[in-house]
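Participant:
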Amino acid sequence: MKSEISTHEFSMRFTSTPRGARLARRLVSQRLDEWGHPYDGPANETVTLIAAELASNAVRHGHVSGRDFRLRLTASDDALRLEVSDTRSERLPEVREPSGESGRGLVLVGALADKWGVAPRQPGKTVWAEVWLSPATQR
Numbered sequence: 005m006k007s008e009i010s011t012h013e014f015s016m017r018f019t020s021t022p023r024g025a026r027l028a029r030r031l032v033s034q035r036l037d038e039w040g041h042p043y044d045g046p047a048n049e050t051v052t053l054i055a056a057e058l059a060s061n062a063v064r065h066g067h068v069s070g071r072d073f074r075l076r077l078t079a080s081d082d083a084l085r086l087e088v089s090d091t092r093s094e095r096l097p098e099v100r101e102p103s104g105e106s107g108r109g110l111v112l113v114g115a116l117a118d119k120w121g122v123a124p125r126q127p128g129k130t131v132w133a134e135v136w137l138s139p140a141t142q143r
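Just so we're aligned, residue 5 is where the sequence shown starts under our numbering, counting upward by one.
#1: Which value, in whole angstroms, describes the spacing of the CA atoms of Met5 and Asp81?
#2: With DSSP as the reference, please indicate the residues paired to Trp39 in a beta bridge.
#3: Use the C-beta contact count for Lys129: other C-beta atoms within 10 angstroms, 16 or more gives buried, fewer gives exposed.
#4: What is the DSSP secondary structure of His12, counted as helix, strand or coil?
#5: At the level of alpha carbons, what is the spacing between Arg143 and Thr19?
Here is the structure:
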């Protein structure tokens, strides 16, 4: 007997501006709600916060003049995966000691995601994070 696995995918390019990052965050939350993860549910709140951090980092640290960043969100029965790609290769993300008002983004992503990493691409890089779904995150 074969079980059906449902998958969803959303992908879009955004301007590499604070406004583009805000729009990306809002569309992630909206899409997750449409896929059955309500706005006030743990999965939506967690992935939306990760999206905000990664999109903000793409704008702040991965910006190349005239280039957008791309966000890709996929959902399967057991995980949500978020990928944010920019075109800057020489600035790879690294977890560092927070100082003042900055440096907490990847610490937060590491605390919220079950798994995250960086993959090279031409040009640039993709920072990705996965949140595994469980009965606690499904509510």
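Idealized CB from N, CA, C, for every residue including glycine. Keep in mind that this is a model prediction, so the values were computed, not measured.
Facilitator: So, from the listed chains and residues:
#1: Because Met5 sits at a pLDDT of 49, beneath the cut-off of 50, its placement in the model cannot be relied upon, and the point is left open.
#2: None; Trp39 has no bridge partner.
#3: buried
#4: strand
#5: At Arg143, the pLDDT of 45 sits below 50, so the modelled position is not reliable and the matter cannot be decided from this model.
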